Amino acid sequence: MLTINEVRKQFGSFTAVDGINLQIPKGEIFGLLGANGAGKTTTFRMILGLLTPSQGRITWNDKEISYETSDLIGYLPEERGLYPKLTVREQLIYLGQLRGMTRSQIQEQTNKWLKRFGAEEYLNKKVEALSKGNQQKIQFIAAVLHRPELLILDEPFSGLDPVNVELLKSAVHELKKEGTTIVFSSHRMEHVEELCQHLCIMHRGKSVVQGNLKEIKRSFGKKNVSVKADFDLTYLKDTAGVIKHRTTGDGIILQVEREEVAQDLFQAIQSKGFVRKFELEEPSLNDIFIEKVGVVHE
Amino acid sequence: MSKFMTVMMHTYRSKIKSKPFLITTLITIGLLFVITNMNEITKMFGEDDVSKIGVIDRTGETLPALQTQLKQTNDDLKAEAFTKSESEAEKAVLDGKIEGLLILDKDASGIITGTYKAEDVTQQSLIADVELALQQIKNKSAAESIGLNQEQLAAIYSPVTFAKESLSDSAKSEEEAAQVYILVYVVLFFMYMAVMMYGSMIAVEVATEKSSRVMEILISSVSPVTQMFGKIFGIVLVALTQLALFVAGGFLAVKLNGQLSGSESIINELKLNEIPISLIIYALVFFILGFFLYSTLFAMLGSLISRVEEVNNLMTPVVIVIVAAFMIAMFGRENPESGFVAAASYFPLFTPMLMLLRVGMLSLPVWEVALGISVLVGAIFLFAIIGARVYRGGVLMYGNAPSLKLFKQALLLTKQEKKNTTDV
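Protein chains in written order, with numbering that gives the first Met the number 0: chain A, 0 to 297; chain B, 0 to 423.
Rendered as structure tokens:
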């Protein structure tokens with residue numbers, strides 16, 4: 000279990016992380032959300048022991064994290080970095096050895112992962128000759144090669160095409176099944192919704208929302224009503240209890256305060272004409288994020 | 000394999016395999032062969048290169064004397080009588096049939112004069128030879144005209160007997176000093192080369208890892224201190240490998256020279272084999288310690304920059320320091336007992352060169368040498384500690400060109416991480 004207890008990090012007068020509390024059980028996928036500069040990377044660097052918290056404590060299985068434990072941890076940094084002049088093989092051997100693996104272990108794991116990602120032909124290619132997507136795969140392999148207990152993925156899906164995103168997602172799922180604890184950050188809400196049971200939204204160093212995804216959604220209260228009809232629907236925005244609206248190609252999406260408002264809306268459109276769709280939806284994580292963080296992101 | 004070894008071997012292997020390493024090694028060994036066998040090579044080109052000058056002798060008696068004189072000074076220079084007119088002779092020069100034209104005459108008081116005409120007057124050594132020969136003939140005839148015989152003439156020109164003896168215990172004989180100076184010069188030269196080549200190699204290594212952002216993975220798996228020293232030792236191994244290749248190459252080159260010329264080898268000529276073993280050991284010790292000192296400095300500086308292009312900015316001040324050491328060593332050669340040189344030899348960045356110079360030129364008490372080595376070792380530790388601290392902070396920092404502000408920032412960032420240093 001990863002425990003982050005009242006952790007603060009200050010750079011001079013600037014507080015990058017301000018009193019974060021998290022408990023992430025073994026075998027869980029935990030999402031850390033936040034706009035750029037929210038303090039995600041600083042939090043990760045503290046978990047990894049690259050930075051020391053100004054206050055508070057971070058432990059993995061009740062032990063302080065240091066270079067003693069670094070073989071148990073895997074890290075995919077946000078700023079991708081590999082040696083451009085080394086081949087994939089040399090690269091993975093070096094990084095694997097630095098995580099305490101033997102050559103034969105590295106060979107075995109490398110073959111397994113390259114096969115899985117359909118990238119076997121790149122084994123003896125220099126990294127600079129690979130496409131960005133393939134470089135990312137190699138970077139991911141470097142992070143998981145030594146079968147870490149705790150895996151930290153900083154923006155793992157950014158810059159990948161949809162096919163590769165799926166490939167990586169399934170790999171993440173499989174690692175979870177094998178018992179790996181995974182913490183990952185993203186500002187792509189759909190990835191977080193799909194992968195995580197628990198999450199934390201950070202804003203300016205503080206945790207603004209945290210907990211179980213379903214509970215967060217339920218307790219958020221506000222819901223969305225999506226309507227599609229053959230007539231103009233914009234007048235619905237003036238209904239009492241409607242907070243926001245957004246017109247789509249052939250309809251409107253309204254954010255409502257409570258579930259009951261949806262019933263009023265339903266009444267209001269009944270006699271107007273043919274309604275193609277009327278649906279009460281759970282709030283999306285994106286809605287919650289925008290609400291809590293107060294900025295539109297992607 | 001420990002992580003230190005992993006970093007060290009990785010650094011070593013990737014450098015040894017790199018093209019620049021192979022190319023510089025081969026070129027240097029090639030140069031060694033060329034330099035040591037220079038005399039053989041010039042012979043190869045110069046064997047049939049006999050210069051011929053035409054002489055119009057208006058004195059009617061000087062030419063044979065000139066020919067004998069030239070035979071002694073420069074065998075490849077032949078003077079032949081030119082029997083046709085001056086304008087025809089000038090034409091012959093321009094056509095390249097003769098190298099130059101020498102007109103010999105006598106002035107009013109009967110003293111020999113010479114005028115040398117050539118297509119251009121850039122062949123300094125040839126002209127100097129002719130002039131010297133003529134000068135000697137003039138001296139001789141002038142001496143004869145006032146009635147001096149050969150013996151008297153020889154007495155005038157024989158050099159004075161002038162011997163030098165040093166009374167101070169700490170001084171060494173002139174010959175010894177010359178040998179020492181060669182050794183110091185060699186060490187200085189290697190030092191300069193090593194710092195230029197390997198120092199920048201270390202800085203580039205660190206900067207590359209930073210700029211390719213691979214640094215973050217590296218420091219999440221191995222402590223920056225281990226990493227820094229792994230790298231330094233790796234580069235030291237590279238340097239030793241290259242040095243061994245150079246020495247082996249140089250040895251072969253000298254051997255080859257000995258076989259080709261059949262005469263005494265270059266080693267005997269320079270009397271290098273008479274250098275005391277203790278001095279060679281001192282030279283090695285100072286070289287290795289100096290190398291470590293500068294390497295640590297470069298690793299530290301390398302961690303402060305974000306891009307490989309900035310390495311050159313870092314090199315300049317360090318190169319200036321080495322050049323300064325070189326200048327002081329030049330000065331110290333003339334005045335090894337100078338207090339200034341003595342004081343400078345305790346400044347760690349100068350110690351490797353200057354202390355070696357002093358050890359060689361003077362008979363220093365052991366404690367002075369020991370103190371010098373201690374200062375050096377102490378400085379290495381100090382630089383390593385500061386370097387490791389700056390490195391820790393520096394590698395996570397990306398920003399502007401290196402400056403004192405950046406240096407302080409890195410230290411500050413490291414200070415905050417102090418707690419972790421105990422974990423390392």
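Ideal Cβ placement from N, Cα and C applies to all residues, glycine included.
Please read these numbers as outputs of a predicted model, since none were measured by experiment.
- The segment 92-130 of chain B contains, as complete beta strand (DSSP E) runs of 3+ residues, the segments 99-105, 111-117 (chain order).
- Here Asp153 (chain A) carries a strand assignment [DSSP, helix/strand/coil].
- When secondary structure is reduced to three states using DSSP, Ala252 (chain B) falls in the helix class.
- No residue range can be given for Met100 (chain A), since it is assigned to no beta strand (DSSP E) and is classified by DSSP as neither H nor E.
- Note that the C-beta distance between Thr225 (chain B) and Val389 (chain B) is not below 8 angstroms.
- Between Leu198 (chain A) and Leu235 (chain A), the CB-CB gap reaches or exceeds 8 angstroms.
- Residue pairing by DSSP places Met201 (chain A) opposite A:Gly33, A:Ser206 in a beta bridge.
- Counting only runs of 3+ residues, the beta strand (DSSP E) found wholly inside the segment 55-87 of chain A occupies 72-75, in chain order.
- The beta carbon of Phe349 (chain B) sits closer than 7 angstroms to those of Ala324, Ile327, Ala343, all from its chain and outside the five residues before and after it, given in chain order.
- B:Glu98 is the residue among B:Glu98, B:Gly113, B:Leu363 whose C-alpha sits nearest the C-alpha of Thr121 (chain B).
- Residue nearest to Ile151 (chain A) within the set A:Gly48, A:Val241, A:Asn35, A:Gln266 is A:Gly48 (criterion: CA-CA distance).
- For Glu154 (chain A), no CB of chain B lies under 8 angstroms from its own CB, so it is not counted at the interface with that chain.
- In summary, the residues of the segment 189-211 of chain B whose CB is separated from some CB of chain A by less than 7 angstroms are Ser211, in the order they occur in the chain.
- Nearest neighbour of Ser185 (chain A) by Cα position, chosen from A:Met45, A:Pro76, A:Leu21, A:Val6, turns out to be A:Pro76.
- Contact with chain B is found for Arg79 (chain A), since one of that chain's Cβ atoms lies less than 8 angstroms from the residue's Cβ.
- The Cβ-Cβ distance between Ser294 (chain B) and Val203 (chain B) does not fall below 8 angstroms.
- Counting every other CB atom within 10 Å of its CB across the protein chains shown gives Arg56 (chain A) a total below 16, marking it as exposed.
- Between the segment 73-85 of chain B and the segment 105-114 of chain B there are fewer than three inter-stretch CB-CB distances shorter than 8 angstroms, so the stretches are not counted as touching.
- Ser69 (chain A) reaches chain B at Ser219, Ser220, Val221, counting residues in chain order whose Cβ is nearer than 8 angstroms.
- Of all alpha-carbon atoms in A:Phe277, A:Glu290, A:Asp160, the one lying nearest the alpha-carbon of Lys216 (chain A) is that of A:Glu290.
- At a cut-off of 8 angstroms between C-beta atoms, Ile385 (chain B) does not count as an interface residue with respect to chain A.
- Straight across, the Cα-Cα distance linking Pro52 (chain A) with Pro147 (chain A) is about 23 angstroms.
- Within chain A, the C-beta atoms nearer than 8 angstroms to that of Thr5 (chain B) come from Tyr93, Gln96, Leu97, in chain order.
- With 16 or more other Cβ atoms inside 10 Å of its own Cβ, Gln178 (chain B) counts as buried.
- Assignment of beta-bridge partners to Ala228 (chain A) by DSSP yields A:Val274.
- When DSSP assignments are scanned along the segment 12-58 of chain B, the uninterrupted stretches of beta strand (DSSP E) that are 3 or more residues long and fall wholly within it turn out to be 50-56.
- Distance from the CA of Leu31 (chain A) to the CA of Tyr191 (chain B), rounded to the nearest whole angstrom, comes to 52 angstroms.
- Interface annotation, Tyr66 (chain A): in contact with chain B, CB-CB separation under 8 angstroms.
- Interface annotation for the segment 302-332 of chain B against chain A: empty, criterion Cβ-Cβ distance under 7 angstroms.
- Below 8 angstroms, too few C-beta pairs join the segment 138-148 of chain B and the segment 89-96 of chain B to call them touching: fewer than three.
- One Cα belongs to Asn285 (chain A), the other to Phe116 (chain A), and the distance between them is close to 30 angstroms.
- With a threshold of 8 angstroms between beta carbons, Leu1 (chain A) makes no contact with chain B.
- With contacts defined as CB atoms closer than 8 angstroms, Leu100 (chain B) and Ile52 (chain B) qualify as a contacting pair.
- A Cβ-Cβ contact shorter than 8 angstroms links Tyr66 (chain A) with Val221 (chain B).
- For the 8 angstroms CB-CB criterion, Ala88 (chain B) and Ile34 (chain B) do not form a contact.
- For Asn4 (chain A), the uninterrupted beta strand (DSSP E) run begins and ends at 1-10, by DSSP.
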